[in-house]
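Enquirer: This is the structure, below, for whatever I ask next.
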Amino acid sequence: MDRFSLSANGGILAAGEFLITSGDNVKLYDGHQKVKLMELVLIPGDLPLKACHPFQTKFEIGELHLTSHRLIWHNPAIESAHLSLPLPLVVFLEEETGGLMKSPKIVLHLAPAHGSGASPTANFVKLSFKQGGEKQFKAKLHDALEQKQWEIVVRQKARGPSASMPKMRTGIGGIERSIAQKSKLRDTEISKAFQDLEKLMEMAKPMVSLAKSISSKIRDRQGEVSDDETVQFKSYLLSLGISDPVTRDTHGTGQSYYRELAKEIFWILDQPLQESGGMMTLTDVFCRVNRARGLELLSPEDLLNACKALPEAGLPLRLYTFDTGVSVLQLTSHTQEALILKTKEALEQSGSLTVEELSKASGISVILAKERLLSAERSGAACRDDTVEALRFYPNKFLTC
Amino acid sequence: MTEEFPWQHAFPPFFTLQPHEQTRVKQLEAWRSMILDYCQSHQITQFDVQEIGQSALFHNKTIQRRLSPEDLLVVLEDLRSHGHLEWDGPAKSRRKAHIYWRRPEEWGSLIYNWAQAHGMTNTVCTLFEITQGDDAQDQAFQGLDQDLLIKALKCLELESKAELFPDQEGVKFF
Numbered sequence: 001m002d003r004f005s006l007s008a009n010g011g012i013l014a015a016g017e018f019l020i021t022s023g024d025n026v027k028l029y030d031g032h033q034k035v036k037l038m039e040l041v042l043i044p045g046d047l048p049l050k051a052c053h054p055f056q057t058k059f060e061i062g063e064l065h066l067t068s069h070r071l072i073w074h075n076p077a078i079e080s081a082h083l084s085l086p087l088p089l090v091v092f093l094e095e096e097t098g099g100l101m102k103s104p105k106i107v108l109h110l111a112p113a114h115g116s117g118a119s120p121t122a123n124f125v126k127l128s129f130k131q132g133g134e135k136q137f138k139a140k141l142h143d144a145l146e147q148k149q150w151e152i153v154v155r156q157k158a159r160g161p162s163a164s165m166p167k168m169r170t171g172i173g174g175i176e177r178s179i180a181q182k183s184k185l186r187d188t189e190i191s192k193a194f195q196d197l198e199k200l201m202e203m204a205k206p207m208v209s210l211a212k213s214i215s216s217k218i219r220d221r222q223g224e225v226s227d228d229e230t231v232q233f234k235s236y237l238l239s240l241g242i243s244d245p246v247t248r249d250t251h252g253t254g255q256s257y258y259r260e261l262a263k264e265i266f267w268i269l270d271q272p273l274q275e276s277g278g279m280m281t282l283t284d285v286f287c288r289v290n291r292a293r294g295l296e297l298l299s300p301e302d303l304l305n306a307c308k309a310l311p312e313a314g315l316p317l318r319l320y321t322f323d324t325g326v327s328v329l330q331l332t333s334h335t336q337e338a339l340i341l342k343t344k345e346a347l348e349q350s351g352s353l354t355v356e357e358l359s360k361a362s363g364i365s366v367i368l369a370k371e372r373l374l375s376a377e378r379s380g381a382a383c384r385d386d387t388v389e390a391l392r393f394y395p396n397k398f399l400t401c
Numbered sequence: 001m002t003e004e005f006p007w008q009h010a011f012p013p014f015f016t017l018q019p020h021e022q023t024r025v026k027q028l029e030a031w032r033s034m035i036l037d038y039c040q041s042h043q044i045t046q047f048d049v050q051e052i053g054q055s056a057l058f059h060n061k062t063i064q065r066r067l068s069p070e071d072l073l074v075v076l077e078d079l080r081s082h083g084h085l086e087w088d089g090p091a092k093s094r095r096k097a098h099i100y101w102r103r104p105e106e107w108g109s110l111i112y113n114w115a116q117a118h119g120m121t122n123t124v125c126t127l128f129e130i131t132q133g134d135d136a137q138d139q140a141f142q143g144l145d146q147d148l149l150i151k152a153l154k155c156l157e158l159e160s161k162a163e164l165f166p167d168q169e170g171v172k173f174f
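Protein chains in written order, with full-length UniProt numbering: chain A, 1 to 401; chain B, 1 to 174.
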């Protein structure tokens with residue numbers, strides 16, 4: 001029992017300490033002996049509990065609070081007297097089931113006291129729950145013992161002066177305080193995480209230049225590279241990495257920003273566009289541009305505005321929206337008419353085509369293939385055969401024959 | 001007996017109504033002439049819409065394509081707008097139709113030309129004589145449907161080239 005301390009301010013939580021749960025109508029046993037508190041024990045400051053033993057009292061029932069650091073037992077009638085047991089002293093928990101005349105109890109086995117080996121008191125205390133709730137309390141207590149919050153706080157204390165928190169009584173105020181404290185902790189963690197991200201962004205530039213140097217090395221040794229995988233790796237690397245992405249910071253806002261962006265987009269997409277037949281859906285453009293930019297990601301809106309600024313920047317790339325609402329970027333050398341002509345040729349070559357067949361044959365996406373066939377139909381170059389199996393397009397013999 | 005159809009009949013898109021306007025015009029044109037030719041060669045002057053939908057005309061078994069009932073109505077409406085078809089019974093139901101591979105006026109002028117050639121102007125002849133008579137042999141209107149004949153003659157009447165008797169048995173050409 002001498003491991004309990006009695007204090008007038010026992011109800012005040014220490015820094016980093018927070019209330020976990022409370023229980024009403026709890027009796028405290030020192031060994032097998034009931035602990036009683038008397039009104040007379042209104043002595044400020046810490047005193048060993050032994051001091052109060054001789055006194056007789058009717059206050060044997062009290063409130064039990066579990067905080068992250070301590071067990072606090074007190075009686076509301078004796079406002080300033082709190083018995084507190086530091087959690088690190090608890091080594092083992094046990095449960096005593098209740099009976100007809102017996103309340104259920106939790107037995108707390110305590111570490112042997114330092115120095116006072118001759119102490120006659122038992123090495124365990126019992127908490128008697130007259131109104132039940134011992135199971136939940138035990139579970140919470142068990143968790144608190146596992147988490148060892150007191151160690152964490154000690155470490156934080158060692159780190160900085162921020163540990164000195166304003167103190168607050170238990171109860172609703174205390175709970176609110178603990179919530180506020182938790183959210184504060186979370187805030188600092190988040191901002192720390194973002195600091196890490198900033199570092200990563202700082203590192204991004206060297207990374208990109210590294211990628212560039214690798215790709216240029218590969219380019220130099222082009223003759224020696226024959227392995228398919230190496231070639232693919234090279235193409236990945238080449239499509240990756242803008243060493244100096246256009247940002248609002250470097251190129252201001254508004255139209256000038258969009259014009260610069262437009263130039264960048266052309267620079268990134270010129271090659272892939274040539275390869276994929278001069279046309280690319282805006283979603284693909286978005287993905288490619290953002291992959292190339294790495295961390296300075298573009299919003300869809302910025303991208304769209306930049307695409308609208310393409311003619312202004314004098315680039316041979318246009319934003320085109322099909323009647324169906326699908327938007328694409330296409331090279332001006334690949335005009336709509338030229339594309340229709342190409343589609344028509346493909347149709348004549350194969351006799352008839354479904355959307356899937358055209359997409360496979362020309363290596364373009366299904367959406368683009370559909371748009372191409374539909375625009376060919378609209379121009380009268382193709383006609384459709386709509387059956388249950390598929391929508392098939394034929395050369396428009398109605399108009400040519 | 002295998003039918004002789006123009007190339008469109010073996011062209012799968014022919015059985016799908018084309019959304020492109022110019023193409024659609026051409027397509028309907030092709031349908032029109034195909035239907036009229038078919039009806040003429042089969043001496044069909046009236047038909048049940050559902051029945052004709054099953055015929056080889058609208059169902060090409062070799063390419064497994066057929067004109068859907070909705071599209072068939074569109075094609076028939078197109079015929080009607082060109083004066084080659086008239087709905088039988090209430091126009092709303094659109095289940096039976098008269099088909100005129102020649103329009104009544106065309107029939108009328110054909111008959112009038114024939115009557116003039118045979119010196120039948122200012123004489124009276126029976127309707128039977130026109131469609132079944134000896135003089136009418138080898139004429140396009142031989143065996144012409146009675147209703148259609150009367151319509152044709154009424155067209156001539158409007159042009160004051162003929163006069164139909166009230167009993168609709170005889171006619172006088174002018």
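Just so you know, even glycine gets a beta-carbon here, dropped at the ideal spot from N, CA and C.
Arginine 24 of chain B to leucine 110 of chain B, Cα distance in whole Å?
Expert: Distance between the alpha carbons of arginine 24 of chain B and leucine 110 of chain B: 32 Å.
Enquirer: Please name the residues in the segment 368-384 of chain A whose beta-carbon is closer than 7 Å to at least one beta-carbon of chain B, in chain order.
Expert: Going along the segment 368-384 of chain A in chain order, one finds Glu377, Arg378, Gly380, Cys383, Arg384 with a Cβ nearer than 7 Å to chain B.
Enquirer: Would you verify that the beta carbon of phenylalanine 58 of chain B is, or is not, closer than 7 Å to some beta carbon of chain A?
Expert: No - not a single Cβ of chain A is within 7 Å of the one on phenylalanine 58 of chain B.
Enquirer: Within the continuous alpha helix (DSSP H) that includes asparagine 290 of chain A, where are the two ends?
Expert: First-last of the alpha helix (DSSP H) with asparagine 290 of chain A: 282-293.
Enquirer: Run through chain B and tell me which residues come within less than 7 Å of lysine 397 of chain A, C-beta to C-beta.
Expert: In chain order: Phe11.
Enquirer: Tell me which same chain residues have a C-beta within less than 8 Å of the C-beta of lysine 344 of chain A, skipping the five on either side of it?
Expert: Excluding positions up to five away in sequence, the list reads Ala376, Ala381, Ala382, Pro395.
Enquirer: Does any residue of chain B have a CB that is nearer than 7 Å to the CB of aspartate 270 of chain A?
Expert: By this cut-off, aspartate 270 of chain A is not an interface position.
Enquirer: Among B:Asn122, B:Leu158, B:Phe11, B:Lys26, whose alpha-carbon lies nearest the alpha-carbon of threonine 62 of chain B?
Expert: Measuring from the Cα of threonine 62 of chain B, the nearest candidate turns out to be B:Phe11.
Enquirer: What are the residues in the segment 18-47 of chain B lying within 8 Å of chain A by C-beta distance?
Expert: Those would be Gln18, Pro19, His20, Gln22, Thr23, Lys26, Gln27, Ala30, in chain order.
Enquirer: What does serine 401 of chain A reach in chain B if we use C-beta pairs closer than 8 Å?
Expert: The sequence given here has cysteine at residue 401 of chain A, not serine. In chain order: Trp7.
Enquirer: Going along the chain, which residues of its own chain have a beta-carbon closer than 7 Å to the beta-carbon of tyrosine 29 of chain A, five neighbours each way excluded?
Expert: Val35, Val125, Lys126, Ser128, listed in sequence order.
Enquirer: Under a CB-based cut-off of 7 Å, is tyrosine 258 of chain A close to chain B?
Expert: It does not; no Cβ of chain B falls within 7 Å.
Enquirer: Let me confirm a value: tryptophan 150 of chain A is counted as buried when at least 16 other C-beta atoms fall within 10 Å, else exposed. Which label applies?
Expert: The residue in question, tryptophan 150 of chain A, is buried, as its Cβ has 16 or more Cβ neighbours within 10 Å.
Enquirer: Return the chain-ordered list of same chain residues with a C-beta closer than 7 Å to the C-beta of alanine 14 of chain A, the five sequence neighbours on each side being excluded.
Expert: Contacts found: His69.
Enquirer: Note down, in chain order, each residue of its chain lying with its Cβ closer than 7 Å to the Cβ of proline 69 of chain B, except the 5 sequence neighbours on either side.
Expert: Cβ neighbours of proline 69 of chain B beyond the five flanking positions: Gly53.
Enquirer: DSSP three-state label for arginine 378 of chain A, please.
Expert: Reduced to three states, the DSSP call for arginine 378 of chain A is helix.
Enquirer: Rounded to whole angstroms, what is the Cα-Cα separation between phenylalanine 165 of chain B and glycine 119 of chain B?
Expert: Straight-line Cα distance between these residues: approximately 20 Å.
Enquirer: Give me the Cα-Cα distance between valine 388 of chain A and glutamate 356 of chain A, rounded to the nearest whole angstrom.
Expert: So the two alpha carbons sit approximately 15 Å from each other.
Enquirer: Measure from the alpha carbon of glycine 89 of chain B to the alpha carbon of each residue in B:Phe5, B:Val49, B:Ser55, B:Gly133, then state which is nearest.
Expert: It is B:Val49 whose Cα lies nearest to the Cα of glycine 89 of chain B.
Enquirer: Taking the alpha-carbon of tyrosine 38 of chain B as reference, which of B:Tyr112, B:Ser55, B:Thr131, B:Cys125 has the nearest alpha-carbon?
Expert: Comparing Cα positions, the closest option is B:Ser55.
Enquirer: When the cut-off is 7 Å and only beta carbons count, does aspartate 386 of chain A lie next to chain B?
Expert: Yes, its Cβ sits closer than 7 Å to a Cβ of chain B.
Enquirer: If we cut at 7 Å on Cβ distances, does tyrosine 394 of chain A have a partner in chain B?
Expert: With 7 Å as the cut-off, tyrosine 394 of chain A counts as an interface residue toward chain B.
Enquirer: Can you find a CB in chain A that lies within less than 7 Å of the CB of threonine 62 of chain B?
Expert: False, the Cβ-Cβ gap to chain A never drops below 7 Å.
Enquirer: Under 8 Å Cβ to Cβ from serine 164 of chain A, same chain only, skipping five residues before and after it: list those, please.
Expert: Caution applies to serine 164 of chain A, whose pLDDT of 48 falls short of 50 and renders its modelled position unreliable; the value that the coordinates give is listed next. If we look at serine 164 of chain A and ignore the five residues flanking it on each side, its Cβ neighbours are Ala15.
Enquirer: Span of the beta strand (DSSP E) holding residue 175 of chain B?
Expert: One cannot answer for residue 175 of chain B here, as it falls past the ends of chain B, which runs 1 to 174.
Enquirer: Quick one: which residues of the segment 102-122 of chain B get their C-beta closer than 9 Å to a C-beta of chain A? List them in chain order.
Expert: Against chain A - using a Cβ distance shorter than 9 Å - the segment 102-122 of chain B contributes no residues.
Enquirer: Threonine 16 of chain B CB to nearest chain A CB: under 7 Å?
Expert: Threonine 16 of chain B counts as touching chain A.
Enquirer: Can you tell me where the beta strand (DSSP E) with isoleucine 72 of chain A in it begins and where it stops?
Expert: Its beta strand (DSSP E) spans residues 70-74.
Enquirer: What separation, rounded to the nearest whole angstrom, lies between the Cα atoms of phenylalanine 398 of chain A and arginine 94 of chain B?
Expert: If I take the Cα positions, the gap works out to 28 Å.
Enquirer: According to DSSP, tyrosine 29 of chain A sits in a beta bridge with which residue or residues?
Expert: DSSP output for tyrosine 29 of chain A lists A:Lys34, A:Lys126 as bridge partner(s).
Enquirer: Are the beta-carbon atoms belonging to asparagine 305 of chain A and leucine 297 of chain A less than 7 Å from one another?
Expert: It is not a contact, given that the beta carbons lie outside the stated cut-off.
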